[in-house]
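K.L.:
Here it is, the structure, as structure tokens.
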Amino acid sequence: MPNPIVTDICLVTRDMEKAIAFYTEKLGYRLAHRMPGFADFEGPGPILALWDAERIRETTGVPAQRTEPEGHGVMVAVKLGSPAAIDEMYERLLARGVEFYRPPMDYPWNARCVYFAGPCGEFWEFFAWYDGGEPGGVDAHDGVPESNS
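In full-length UniProt numbering, the protein residues as written are 1 to 149.
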């Protein structure tokens with residue numbers, strides 16, 4: 001049996017209107033579907049969707065958080081084509097009012113990244129690899145990290 005394929009990333013929100021505004025106005029997603037307690041967006045990759053915390057509790061019995069958590073429990077990562085694209089995206093999102101934890105930085109895992117909070121308790125990472133790509137690859141046969149020498 002093949003591994004399951006992630007098709008959607010569903011975030012639980014306590015304020016549907018605020019969340020929709022954030023994803024459309026600040027990140028530039030286009031709303032695709034809207035129903036009571038649910039919305040999703042068009043875009044490449046997995047579908048980004050929103051569930052209202054009260055509505056998902058009522059309809060599915062899933063105990064979604066109804067209060068604001070301390071810290072983040074989910075990160076959504078977006079890979080861009082180059083380190084320079086990170087700086088360009090940072091400037092574009094900053095102009096739209098996105099508040100970042102700090103400006104883009106180079107990190108020891110061979111990537112340039114920038115981080116910001118979303119309205120559903122998640123945080124976002126925009127990243128791009130430097131030449132040499134991502135470190136720490138694991139050999140598929142024995143689970144041992146490949147050497148970088």
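Beta carbons: idealized from backbone N, C-alpha and C, even for Gly. No experiment lies behind these values; they were computed from the predicted model shown.
Specify whether the stretch 97-117 and the stretch 130-137 touch according to this definition: at least 3 beta carbon pairs, one from each stretch, less than 8 Å apart.
P.N.:
yes
K.L.:
Quick one: residues in its chain with C-beta nearer than 6 Å to the C-beta of residue 64, no 5 flanking neighbours on either side, listed in chain order?
P.N.:
12, 53, 56, 57
K.L.:
Give the single residue among 79, 6, 50 whose Cα lies nearest to the Cα of residue 119.
P.N.:
50
K.L.:
Determine whether the Cβ of residue 38 lies closer than 7 Å to any Cβ atom of chain C.
P.N.:
Of the chains in the structure shown, none is chain C; there is only one protein chain.
K.L.:
Per DSSP, which one or two residues make a beta bridge with residue 124?
P.N.:
76, 116
K.L.:
For my contact list, residue 170 and residue 22 are in at a C-beta cut-off of 8 Å; report their separation, rounded to the angstrom.
P.N.:
This structure cannot speak to residue 170, because the chain is shown only from 1 to 149.
K.L.:
Express the C-alpha separation of residue 7 and residue 100 in angstroms, rounding to a whole number.
P.N.:
27 Å
K.L.:
Would DSSP call residue 47 helix, strand or coil?
P.N.:
strand
K.L.:
Ends of the alpha helix (DSSP H) at residue 94?
P.N.:
Start and end: 83-95.
K.L.:
Return the chain-ordered list of same chain residues with a C-beta closer than 8 Å to the C-beta of residue 125, the five sequence neighbours on each side being excluded.
P.N.:
A distance below 8 Å between beta-carbons, with the five flanking residues on each side excluded, links residue 125 to the following residues of its chain, in chain order: 75, 76, 77, 78, 113, 114, 115.
K.L.:
Ignore the nearest five residues each way along the sequence and tell me which others in residue 86's own chain have a CB closer than 8 Å to its CB.
P.N.:
80, 104, 112, 113, 114, 126, 127, 128
K.L.:
Anyone know if the C-beta pair for residue 98 and residue 18 falls short of 7 Å?
P.N.:
no
K.L.:
Compute the Euclidean distance between the alpha carbons of residue 130 and residue 48, then round it to the nearest angstrom.
P.N.:
27 Å
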